[in-house]
Each structure stands twice: as structure tokens, then as C-alpha cells.
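See below for the structure under consideration.
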Amino acid sequence: MPRKKIVAGNWKMNMTPAETVAFVSKLRPLVDDADADVVLCVPAIDIVPALTSTRGTCIEIGAQNMHYEENGAYTGEISAGMLSEAGVKYVILGHSERREYFHETDEELNKKLKKAFEHGLTPILCCGETLEQRNKGITLDWIRMQIKSDLFGISDADVAEMIIAYEPIWAIGTGMTATSDQAEEVCKAIRECIAEIYDDYTAECVRILYGGSVNAGNAAELFAQPDIDGGLVGGASLKPEFGKIVRYK
Ligand code: PEP
Numbered sequence: 079m080p081r082k083k084i085v086a087g088n089w090k091m092n093m094t095p096a097e098t099v100a101f102v103s104k105l106r107p108l109v110d111d112a113d114a115d116v117v118l119c120v121p122a123i124d125i126v127p128a129l130t131s132t133r134g135t136c137i138e139i140g141a142q143n144m145h146y147e148e149n150g151a152y153t154g155e156i157s158a159g160m161l162s163e164a165g166v167k168y169v170i171l172g173h174s175e176r177r178e179y180f181h182e183t184d185e186e187l188n189k190k191l192k193k194a195f196e197h198g199l200t201p202i203l204c205c206g207e208t209l210e211q212r213n214k215g216i217t218l219d220w221i222r223m224q225i226k227s228d229l230f231g232i233s234d235a236d237v238a239e240m241i242i243a244y245e246p247i248w249a250i251g252t253g254m255t256a257t258s259d260q261a262e263e264v265c266k267a268i269r270e271c272i273a274e275i276y277d278d279y280t281a282e283c284v285r286i287l288y289g290g291s292v293n294a295g296n297a298a299e300l301f302a303q304p305d306i307d308g309g310l311v312g313g314a315s316l317k318p319e320f321g322k323i324v325r326y327k
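Using this note's numbering, you'd call the opening residue of the sequence shown number 79 and step up by one each time.
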């Protein structure tokens, strides 16, 4: 079975609830007949308006983070159970901005992944290297280390259903998109790493995305690579251009 492409938008800390509703109404006709799965990962306050305004469409809603505990005294946090009950299907975990600014560790991410699966959420796990790591030639070692730590103890069945996003940190929000060869090299290595930890079947099922300055002009070439199953899109997901990326062919 060929893997279905998926294009997920990461709005980061952008869009008010009213802007969410207005944006979705413009986006709906642009993605109606998309071949790819379409996901918008929105700020927590926008989840309910996003779910309401996308009802009956092909657009699914994702969160950008969640806590690894079931509930409790964690002021400002949101739980997997809350997201799932609201109707959220996806959750971005381990975005480099959260790793950098909020000091999220691989150990915490491992707990978050387990909790997300427990509640039937599909995680979009991000990994990626800095420019310094790339220049030192340690990109693949670094990515393998992230994948192995984040997935420790997670079942093959769960991994087969999840999404991994390769996002080189130097390409995020910089306009410095990785070349399709650079992106494919790492996405292929991620798939090989999954085959090594689990088996070939699991590696063939898991969807691997590229993220980092994806736009309407470069999506087709990136998504045509054999190990790239779509994209995680930041800046361009805030514009009608996102509709073109979804219909990249
Ligand atoms: C991101 O933040 O996940 C991202 C890929 O951002 P951008 O597309 O703006 O580089």
C-alpha cells in the first residue's frame, strides 16, 4: 500500500479565534479535492473554533504540544485526554522551538508520545539538526539518537501509525530550504532507523515529513522524493499559499 501524503500546517503562536474561522473559510475550497491528508496544528485557544469551522471538511485539527501526565497541578498545560475528547486528531511533539525555548528533553518527549498514543492521538514527532551539527558531519548520528530516545519502549503498531517530521533547524523560518537530496537523505535514514529498531513493515508504514521553509514553489520536488511523505509547514500555512502546497502536484 503506498503511503498517503500528508501536509500539516504549524501555525505556532499566530491567529486569533476570529482569524482562525476566517482563514478556514478561505482555505476550505482550496483543499476540498486534495489527495493528501490536510492538518492544521493550531494554538490551544483556536482548537474549538478550528474544529467547528472544519466540520464536514477534509481538514483535521492538531495541537502543537501537550503534557505527559494524565491531569494535575500543571498550570498552563493541556492534557492528551482534553485534546482527544475535543476532537483533535494530531499533536506536534518535540518541535525544535519547544526543545530550545522550553527545554523539552527526549525523556519528556518519550513520555508525551506514550500518553498521546494512550489517548488515540497521532503524534507528529519532530527531529532535526543545527547548522553546526550538519557542518560537523554528525547529522545522521544526531537524528538516529533523537529517534531512538524518543521512541524507546513504544510499540511497532503505534510507530506504524505515527508521523515523524524531519525539520533541519537551520531551515525553519529562514527561507533556507534543504535541497531535495539533503531532505531525502535524512528521511531515508529515519526510515532505515525504524526498520533497524522495529522491522521493514513498520518502516514502510510510518509517514515521514520534511519541514523547513516549504512553500508552493518547492513542495512538489520535495514531496516527490521516495521517503518524503509530505510536509510540516510553518510560515506558509498562515497564507492561502497553504492550499497550493496541499495540491502540490
Ligand atoms: C515549522 O515551524 O515547523 C516550520 C517548518 O516552519 P517554516 O515552514 O516557516 O520554516
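Glycine included, every Cβ here is placed at the ideal spot set by N, Cα and C.
### Cut-off 6 Å between Cβ atoms - residues of its own chain near Lys193, not counting five sequence neighbours on either side
Result list for Lys193: Tyr146, Ala158, in chain order.
### Message
My output table needs one value for Thr200: the three-state DSSP class, helix, strand or coil.
### Response
Strand, per DSSP.
### Task
Tell me, please, which residues DSSP counts as bridged to Ala294.
In the DSSP output, where bridge partners are listed per residue, Ala294 has none listed.
### Query
Where do the N-terminal and C-terminal ends of the beta strand (DSSP E) with Val169 fall, by residue?
For Val169, the enclosing beta strand (DSSP E) starts and ends at 168-171.
### Task
Measure the Cβ-Cβ separation of Glu274 and Pro246 and say whether it is below 7 Å.
Not in contact: Glu274 and Pro246 (Cβ atoms no closer than 7 Å).
### Query
Using the C-alpha atoms, what's the distance from Ile241 back to Leu129?
In a straight line, the C-alpha of Leu129 is about 21 Å away from that of Ile241.
### Query
Does the ligand PEP have a heavy atom nearer than 6 Å to the CB of Ile306?
For the ligand PEP, not one heavy atom lies less than 6 Å from the Cβ of Ile306.
### Message
Please report the distance separating the alpha-carbon of Arg177 from that of Thr183.
### Response
Their Cα atoms are separated by approximately 7 Å.
### Message
Quick check: Ile170 and Cys119, are their CB atoms within less than 7 Å of each other?
### Response
Contact: yes.
### Message
Check for me: the beta strand (DSSP E) holding Arg285 runs from which residue to which?
### Response
Taken as a continuous stretch (DSSP letters only), the beta strand (DSSP E) holding Arg285 covers 285-289.
### Query
Under 7 Å between the Cβ atoms of Asn296 and Ala314?
Not closer than 7 Å, so no.
### Task
Could you name the residues of the same chain whose beta carbon sits closer than 8 Å to that of Met254, not counting the 5 residues immediately before and after it, in chain order?
For Met254, where only same-chain residues beyond five positions count, the Cβ hits under 8 Å are Trp248, Gly290, Ser291.
#### Entry: The alpha helix (DSSP H) enclosing Gly321, as first and last residue numbers
Note, Gly321: alpha helix (DSSP H), 319-324.
#### Entry: Host alpha helix (DSSP H) of Ile221 (start-end)
Start and end: 217-228.
### Task
Find the nearest neighbour of Cys283 within the set Lys104, Gly251, Glu239, judged by alpha-carbon distance.
Nearest C-alpha to Cys283 among Lys104, Gly251, Glu239: Glu239.
### Task
Return the CA-CA distance between Arg269 and Lys190, expressed in angstroms with no decimal places.
The straight-line gap from Cα to Cα measures roughly 21 Å.
### Alpha carbon of Leu105 to alpha carbon of Val99, nearest angstrom
Between Leu105 and Val99, the C-alpha separation is close to 10 Å.
### Task
Using three-state DSSP, classify Glu147 as helix, strand or coil.
Shown here, Glu147 sits in coil according to DSSP, grouped into three states, outside any helix or strand.
### Task
May I ask you to check if the CB of Ser291 is nearer than 6 Å to at least one heavy atom of the ligand PEP?
Yes, the ligand PEP has a heavy atom inside 6 Å of this Cβ.
### Query
With a CB to CB cut of under 7 Å and the five nearest residues on each side skipped, what residues in its chain are close to Tyr276?
Within the same chain, Tyr276 has close Cβ partners Asp234, Val237.
#### Entry: Which of helix, strand or coil DSSP assigns to Cys265
DSSP, read as helix, strand or coil, puts Cys265 in helix.
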